[in-house]
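One structure is given below, encoded as C-alpha cells.
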Amino acid sequence: MPGKNQGHGKLDTLQDQERQLDLLKNIADSLQRGDDKKTAELTSRAIDESLSPKTILDDGLIAGMTVIGRKFKAHEIFLPDVLLAAKAMYAGLDLLKPLLLKEKVPTVGKVVIGTVQGDMHDIGKNLVGIMLKGAGFEIIDLGHNVPPEKFIDTALESEASVIGMSALLTTTMPNMKKVIDILKERGLNDKIKTIIGGAPVSDDFAAEIGADAYAFDGINSIDKIKKLLGLD
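Mapped onto this note's numbering, the consecutive letters of the sequence shown carry residue numbers 322 to 553.
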C-alpha cells in the first residue's frame, strides 16, 4: 500500500499547486477589476497558505498591474480604471510590505520622481509612479514644484539609481536641465541616471539637455528605466 499512499501525496501536491496558481490568478484578476477589498482578501489568503511574499507580489499584484498597463497603452481602458486598479494593488501591497521587509526581498530598482520646480501638475507623474510601482520598483515621490537640489539630495539619501522628472509647462522645462547640470557639476551623472517626460517634452529635448532617457507614458518609462539599469 505504500505506493498508493505515495500516489495520493503526489496528487495532493499537484492539487495544492493548482489551488495556489488559481489564487494568484484571482489576485491578478481582482486587481484588474479594481476590487480593492477582494484583492486584500485574496492576498491575505495567499499569505495564510504560505505562498512567499515575493511570489504573491510578482505573480499576483505585478502580473495584474502589467495587464492594466498594457490595456491602458492600447486605449482599452482609461485613467479611472488605472486608478481603481492602483487602489487594489496598494490594498494587497500593504499586507505584503511587512513580510517583504522581513525577508529583505530586493526591489527591481529605486526611483525618485517629481514634477519640476514651478510646475504644479502631477496627474501624469502620479500615473508613472503607479506603473513603476506595479512593475516592482520602489518609488520615492516628491510631489510637485520640486527644487533641483531636492531631487538630487533625495536620490543620494535613498541610494536611488534614477531620477524621473515631469513637466507640463514649457516654462518649467528648463528646470529639468538644472537638475542634470547639478548632477554633472557634482560628478554624479554616471551614478544617478535621469529620465524626463510630460506633454511638451520630447526625445529631442532630452538629448538637448543631456537627459539619459525620455518616456512618453508610464509603460514606456518602465522599459526605459529597465534599459538604463541594464535590466532589459
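Backbone N, C-alpha and C define an ideal beta-carbon position, used for all residues, glycine too.
Val437 is positioned such that its CB atom lies no closer than 8 Å to that of Val483. Pairing Lys359 with Ile540 gives a Cβ-Cβ distance that is not under 8 Å. The shortest C-alpha to C-alpha distance from Arg366 to any of Gly355, Arg354, Gly381 is the one to Gly381.
If the five residues before and after Asp524 are omitted, its C-beta is found closer than 8 Å to the C-beta atoms of Tyr535, all from its own chain and listed in chain order.
When the five nearest sequence neighbours on each side are left out, the beta carbons in the same chain lying within less than 7 Å of the beta carbon of Met441 are those of His465, Asn466, in order along the chain.
The beta-carbon distance between Ala349 and Ala384, rounded to whole angstroms, is 5 Å. This is short enough to meet the 8 Å contact definition. DSSP places Glu362 in the uninterrupted alpha helix (DSSP H) bounded by 357 to 369.
Under the three-pair Cβ rule at 8 Å, the segment 441 to 451 counts as touching the segment 486 to 493.
Distance check between Glu506 and each of Asn347, Pro401, Gly531 places Gly531 closest, using alpha-carbon atoms only.
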